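A.B. asks: Questions regarding the structure given below will be posed in turn.
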Amino acid sequence: MTQVKLSGLTKIFDAKNPPAVDQLDLDIDSGKLTALLGPSGCGKTTTMKMIAGLLRPTSGDILFDGNSILSIKPEERGAVMVFQNYLLFPYMSIADNIGFGLKMRKVSKKEIRSRVTDMLDLVQLPGFEDRKPNQLSGGQQQRIALARALIVEPNVLLLDEPLSNLDAHLRDEMRVLIRRIQTEMGITTVFVTHDQEEAVVLADKVALLFDGRLQQFDSPDAFYDTPRSAEIATFFGGTNFIPGHYQDGVMKTDIGNFKAPHSAVGDGAAMLSIRPEAIELGVGGDNSVAGTILSHVYAGRYARFQVKIGDLEIEAITEPGQVKLFGDGDTVPVNFAPDKIWILEANSTPQPVGADSAG
Amino acid sequence: MKMRLTEKGAQRLSISFLLAPALAVIILLFLGGLITGLLRSLNYFPLIGLNDFNFEAYVAIFTDNGFIQSLVLTFHIAFTSTLISCILAVAAALLLRPAFRGKRIVHFFFSLNLTIPHLVGAIGVLYLFQNSGLVSRIMTGLDLISKPADFPAMVFDPWAIGIIIQYVWKEIPFIGVIVLAILLSVGEDYESVARSLGANRWQAFRQVTLPLIMPGVVSASVIVFAFTFGAFEIPYLLGRTFPAALPVLAYQSYTDVDLAARPQAMAMAMVIAFISTLLIMAYMKLSRVYIRE
Ligand SMILES: Nc1ncnc2c1ncn2[C@@H]1O[C@H](COP(=O)(O)OP(=O)(O)OP(=O)(O)O)[C@@H](O)[C@H]1O
Ligand SMILES: [Mg+2]
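Chains A and B are the protein sequences, given in the same order.
Okay, so the first sequence: first residue is 5 according to our numbering, each after it adds one.
Okay, so the second sequence: first residue is 147 according to our numbering, each after it adds one.
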């Protein structure tokens, strides 16, 4: 097991452009699965390549178990990277592809053959030894690429969007598989994805990156309950934002005052955020205000309401039965449960992801 | 749909008509030359009184020690030039690759001498590497050798060093440009994968990069080999008169005052053509395999 630490890690490809990775600090727990999450072009692959030793950082340091590994060659780091576009060697059979790492380590042919067979069983492609990569589907190639990395039993496994080409069913299976192997073998794993749901489902901890900068590094639920900025909240799915003034645990807004014990900021101008699922229709009380239902959608497993409160329009997601209780044009009490309210910085109004304010 | 097909057919027909004169000339010259050559190599040349077919010319050249020596020398020149060019070209392409990402100017310099004719290169080699050439004089000037004549023979020498130098100089960029194009299109990620899986630099090159560029290297080197095997001017300018490279020997026999040597000259030309054809066929086959992959 290896603990990985990134310290001020920076990569500048071109001085004319902003850094691809900017002052990244990250403590990746030994034997855990950490997701590196962020939109396209935010520097995820670049970070992985630096950890694997395939790209030289412009500045900063990478430590494995407390020792800098910058001067250690990629083949000696014990960190294996699985690339986004799998990159199976085209002229080699599947067996030779999977066995490649062992061949480099001068393992005997016989042992390689038997371990390749085991690996093919593991990724559920038994009997594929003699095929060529171009005879495989994208998803199958992705699994072979995974097998090719796992066979060398790396200390650190770097997976760059390894599930992007699988259909929903296979993706679920592979998630379970990766999770199982990862836990069994205790490999410190960094898993790149731009899908926040995948990050949450798989990872012990999630590092969210925008524009090469770390936004938040937390357990998955924290991104829903206590996002550090409106951008983060937005990235993790729609949230209602209401501007106002925060003082003594109370958020004063144009549509009323709300008790809000949880806050990321101190007193002053602030932004109330509450997820649509947390809003309760038809529930009165201290934190409840009157709203008018504008429209609703029945979606089978849930219902979605657009509600007008004062000049604001908010979204509520409720259990599906509620469509029978409330109709369009009805005025209903709308409850903002204090525990579900999260107060954010005022100027971090929802902006397009990647805007330069969250630093 | 049908309409279009016939239109296309008509178009193709008219193109063939337009090309016909040019094709006729090429076929006449090429095939005519080949057939005439073949007939004459078989001792059929009524103009000078040779009327009966036989293989005497072939027997004569293959039993002639001089011919065998020339054949060996020609193989030596072609093989050594091709091998050295390939190795240096691959090394150069690998070295230049990082500089190439988006830099046209390097590419320009790399391909510059592709446009310089072989003859000019030969004169350059003469000027530089003759016993009285620039290099020997500089070395004399630097007291590395006592007089220019001590400079090792590199032109008109038994090992055809001058010829090989000229070919290598000329062919490195040719092979290099091909290899570089492949390297750039393949990208560096395959090597990264190999390194990440535990291959050291050399293993990554040997196991991953080389197999990826090999089809291109083979194709290029077959062309180079066929060319250096059959080319006349460089061995004529820079080589010995005995043993001479095959094309030179063929030319010597052809211009011999003894008309009886003509069938032998033709037989030699046939041998050169035959070997080159074999190589071109090998090349076509290899490139087809390459495309399929
Ligand atoms: N070799 C390179 N030279 C110059 N710029 C590069 C290079 N590689 C990446 N970049 C730039 O660095 C930034 C980050 O790229 P990176 O590949 O790390 O993104 P990513 O987060 O992996 O995106 P994706 O989800 O699309 O794979 C991008 O703006 C990209 O254009
Ligand atoms: Mg990427």
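No residue lacks a Cβ here, since even glycine has one placed at the ideal position from N, Cα and C.
Owing to the predicted nature of the structure, the values given are computational and were not obtained by experimental measurement.
Using the rule of at least 16 other Cβ atoms within 10 Å of the residue's Cβ for burial, across every protein chain shown, is A:Phe68 buried or exposed?
C.D. replies: Classification for A:Phe68: buried.
A.B. asks: Per the DSSP calculation, A:Trp346 is bridged to which residue(s)?
C.D. replies: Answer is A:Ser277.
A.B. asks: With burial defined as no fewer than 16 other Cβ atoms inside 10 Å of the residue's Cβ, what is the status of B:Ile181: buried or exposed?
C.D. replies: Burial call: exposed.
A.B. asks: May I ask you to report which of helix, strand or coil DSSP gives A:Lys209?
C.D. replies: Three-state DSSP puts A:Lys209 in a strand.
A.B. asks: Quick check on the burial criterion: 16 or more other C-beta atoms within 10 angstroms. Buried or exposed for B:Gly385?
C.D. replies: When all chains shown are included, B:Gly385 counts as buried.
A.B. asks: Hey, how far is the Cα of B:Leu185 from the Cα of B:Pro393?
C.D. replies: So the two alpha carbons sit approximately 19 Å from each other.
A.B. asks: If the cut-off is 8 Å on Cβ atoms, which residues from the region 329-342 of chain B count as contacting chain A, listed in chain order?
C.D. replies: Answer in chain order: Asp335, Tyr336, Ser338, Val339, Ala340, Arg341, Ser342.
A.B. asks: At a cut-off of 7 Å, is A:Lys48 close to ligand 2 when judged by its beta-carbon and the heavy atoms of the ligand?
C.D. replies: Under cutoff, so the answer is yes.
A.B. asks: What number of angstroms, rounded off, separates the C-alpha of A:Ser223 from the C-alpha of B:Leu432?
C.D. replies: Each residue's Cα considered, the two are about 56 Å apart.
A.B. asks: Does ligand 2 have even one heavy atom less than 7 Å from the beta-carbon of A:Asp164?
C.D. replies: At least one heavy atom of ligand 2 is nearer than 7 Å to the Cβ of A:Asp164, so yes.
A.B. asks: Strictly by DSSP, which residues pair up with A:Gln251?
C.D. replies: Answer is A:Val254, bridged to A:Gln251.
A.B. asks: State yes or no: is the beta carbon of A:Met189 nearer than 8 Å to at least one beta carbon in chain B?
C.D. replies: For A:Met189, the answer is no, since every Cβ of chain B falls outside 8 Å of its Cβ.
A.B. asks: What residues of chain B sit near A:Arg232, judged by a beta carbon separation below 9 Å?
C.D. replies: Under the 9 Å cutoff, chain B gives no residues; its nearest Cβ is about 33 Å from A:Arg232.
A.B. asks: Nearest to A:Phe240 by CA position, among A:Leu161, A:Asp215, A:Val210, A:Val254, is which residue?
C.D. replies: Of the candidates A:Leu161, A:Asp215, A:Val210, A:Val254, the one whose C-alpha sits nearest the C-alpha of A:Phe240 is A:Val210.
A.B. asks: Of the choices A:Pro137, A:Leu163, A:Ser233, A:Leu150, whose alpha-carbon is the least far from that of A:Ile55?
C.D. replies: Checked all of A:Pro137, A:Leu163, A:Ser233, A:Leu150; the closest Cα to A:Ile55 is A:Leu163.
A.B. asks: Is A:Gln146 near ligand 2 - that is, is its Cβ less than 7 Å away from at least one heavy atom of it?
C.D. replies: A:Gln146: no, Cβ never under 7 Å from ligand 2.
A.B. asks: For ligand 2, is there a heavy atom less than 7 Å away from the beta-carbon of B:Gln353?
C.D. replies: No; taking the cut-off as 7 Å, the Cβ of B:Gln353 has no heavy atom of ligand 2 nearer than that.
A.B. asks: Counting only beta-carbon separations shorter than 8 Å, does A:Met85 have a partner in chain B?
C.D. replies: Chain B contact via Cβ: present.
A.B. asks: Quick check on the DSSP output: the alpha helix (DSSP H) that includes A:Asn169 runs from which residue to which?
C.D. replies: Here A:Asn169 belongs to no alpha helix (DSSP H), and DSSP marks it neither H nor E.
A.B. asks: Which first and last residues belong to the alpha helix (DSSP H) in which A:Tyr261 is found?
C.D. replies: In the sequence as presented, Tyr is not what sits at residue 261 of chain A; that position holds Asn. Run containing A:Asn261: none in the alpha helix (DSSP H); it sits in the beta strand (DSSP E), 260-263.
A.B. asks: Taking 8 Å as the threshold (beta carbon to beta carbon), is A:Gly47 in contact with chain B?
C.D. replies: Cβ-Cβ to chain B under 8 Å: no for A:Gly47.
A.B. asks: Hey, is B:Val354's beta-carbon within less than 8 Å of any beta-carbon in chain A?
C.D. replies: True, the Cβ-Cβ gap to chain A drops below 8 Å.
A.B. asks: Pull up the CB-CB distance for B:Val325 and B:Ile359, whole angstroms please, since I reckon it's below 8 Å.
C.D. replies: About 5 Å separates the two Cβ atoms, so the contact holds.
A.B. asks: Looking at the strands, I want to know which residues DSSP matches up with B:Leu383.
C.D. replies: Answer is none; B:Leu383 lacks a bridge partner.
A.B. asks: Show which residues of chain B have a CB atom less than 7 Å away from the CB atom of A:Val25.
C.D. replies: Here the premise fails: no neighbours, minimum Cβ distance about 17 Å.
A.B. asks: Looking at the secondary structure, which residues open and close the alpha helix (DSSP H) in which A:Gln146 lies?
C.D. replies: It spans 142-154 - the alpha helix (DSSP H) in which A:Gln146 sits, taken as one unbroken run.
A.B. asks: How long is the line joining the alpha carbons of A:Thr62 and A:Gln139, rounded to whole angstroms?
C.D. replies: Approximately 40 Å between the Cα atoms of the pair.
A.B. asks: Roughly how many angstroms lie between the CA atoms of A:Glu201 and A:Tyr228, to the nearest whole one?
C.D. replies: Each residue's alpha carbon lies about 11 Å from the other.
A.B. asks: Under the three-state reduction of DSSP, which class applies to B:Gly308: helix, strand or coil?
C.D. replies: Helix at B:Gly308.
A.B. asks: If we count Cβ pairs, one from each stretch, closer than 8 Å, do we get three or more for the region 116-132 of chain A versus the region 100-108 of chain A?
C.D. replies: Judged by Cβ distances under 8 Å, the region 116-132 of chain A makes contact with the region 100-108 of chain A, as three or more pairs qualify.
A.B. asks: Based on the DSSP secondary-structure assignment, which residues constitute the bridge partners of A:Tyr302?
C.D. replies: Answer is A:Ala307.
A.B. asks: Verify the CB distance criterion: does B:Gly344 have a CB-CB separation below 8 Å to chain A?
C.D. replies: It does; some Cβ of chain A falls within 8 Å.
A.B. asks: Sorted by chain position, which residues of the same chain lie with C-beta nearer than 6 Å to B:Gln276's C-beta, five sequence neighbours on each side aside?
C.D. replies: Contacts found: Val301.
A.B. asks: Here's a check: name, in chain order, each residue in its chain whose Cβ is nearer than 6 Å to the Cβ of A:Arg279, leaving out the five neighbours to either side.
C.D. replies: Within the same chain, A:Arg279 has close Cβ partners Thr243.
A.B. asks: To the nearest angstrom, report how far apart B:Ile161 and B:Gly178 are at their CA atoms.
C.D. replies: For B:Ile161 and B:Gly178, the distance between alpha carbons rounds to 24 Å.
A.B. asks: Against B:Pro357, what residues of chain A qualify as contacts under a CB-to-CB distance less than 7 Å, listed in chain order?
C.D. replies: Those within 7 Å of B:Pro357 in chain A are Tyr95.
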